[in-house]
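Heads up: the structure comes next, in structure tokens.
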Amino acid sequence: MTKFLLTSILVLGLAIVGVANADELPDPRCFKVEGSIIGQDEIGMTNGGLRVDLRMEGVTVDGLLMGLTGTASSRNLIRHDGVAEFDMRMFGTLPTGGTIAFTVFGYGPPAGPTLAEMLEAMADPDFVQPDVYEPWHGAARFETMIPEYAFLNHSVYWLVGEANMATGHMRFTYCPIAP
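Just so you know, we're using the numbering used here here: the sequence shown kicks off at 73 and counts up by one.
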């Protein structure tokens with residue numbers, strides 16, 4: 073049941089247009105992050121839909137914030153209409169010691185089973201998480217006191233990425249959409 077809840081939230085939350093696998097970053101202010109899911113809290117059915125909160129950790133592997141390591145918590149909700157929403161709070165530390173906070177949010181259209189079908193499948197003890205990457209996208213805002221990254225405080229970034237719920241591995245590319 074735990075695997076299915078995690079799968080349901082993230083597969084639907086991640087099943088939207090775009091993948092973060094481009095070899096070249098399109099802008100010097102872009103960066104790539106890789107991470108993993110390290111835990112979850114099952115909230116269950118709410119008035120808004122099925123909710124599972126996740127804990128993640130990751131590192132920037134290319135681009136602007138190279139070497140930044142951090143943690144995140146994410147509120148994930150699959151609404152009754154099948155639309156998935158996510159709302160993450162991330163905190164990262166650069167190798168130089170400076171810190172940056174991220175607020176990341178987004179949603180995904182229905183990608184497969186309805187919420188009712190997912191709830192029915194949760195009872196199946198033979199459920200096996202598919203070993204596939206599912207796409208997702210969103211937007212991010214930042215807060216930092218590091219002078220050379222002060223421009224982030226006034227920037228909005230888009231993100232595109234993918235996650236494999238069987239392995240818990242995730243990868244994202246962030247690029248600016250406003251200043």
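We put the CB at the ideal spot given by N, CA and C, even for glycine.
Using only CA atoms, which one of the options lies nearest to residue i?
i	options	result
A212	D125, I110, M162 and T168	M162
S297	T143, R123 and G154	Past the boundaries of the shown model lies residue 297; the chain is included only from 73 to 251, so the question cannot be answered.
L140	N236, F174, P248 and R127	F174
H152	R123, D203, T239 and Y229	R123
R127	M138, M160 and N236	M160
N119	E220, Y205 and L149	L149
G154	D113, V228, Y221 and G121	G121
V228	A188, Y221 and C247	C247
M117	T132, E129, G130 and A188	A188
Helix, strand or coil for residue i per DSSP?
i	result
F199	coil
L149	strand
L231	strand
L122	strand
I249	strand
E106	strand
E96	coil
Assuming the contact rule is C-beta atoms closer than 8 angstroms, residue i and residue j should be a hit. Round their C-beta distance to whole Å, please.
i	j	result
G178	W208	7 angstroms
I172	T216	4 angstroms
P202	A238	6 angstroms
S146	F158	5 angstroms
Ordered along the chain, which non-local residues of its own chain (more than five positions away) have a Cβ less than 6 angstroms from that of residue i?
i	result
I218	G170
F244	A92, V105, L231 and G233
V176	M160, G210 and A212
L136	R101 and F103
N236	Y205
F223	none
M242	G107 and A235
Since residue i sits in a beta bridge, which residues does DSSP pair it with?
i	result
T143	E129 and F163
T171	T165
N236	Y205 and H241
Y221	Partner(s): none; Y221 has no beta bridge.
M138	In the DSSP output, where bridge partners are listed per residue, M138 has none listed.
G154	In DSSP, G154 forms no bridge with anything.
E114	V124
A211	F177 and W230
Looking only at its chain, what residues have a beta carbon closer than 7 angstroms to the beta carbon of residue i, apart from the 5 residues adjacent to it on each side?
i	result
I88	Confidence is the limiting factor: at I88 the pLDDT is only 31, short of 50, which leaves the residue's position unreliable, though a coordinate-based value still follows. If we look at I88 and ignore the five residues flanking it on each side, its Cβ neighbours are G180, P181, P207, W208 and H209.
P167	G139
G240	S108 and I109
Looking only at its own chain, which residues have a Cβ that is under 8 angstroms from the Cβ of residue i, when we skip the five neighbours before and after it?
i	result
D134	L97, F103 and K104
N225	F214, E215 and T216
I115	R123, V124 and D125
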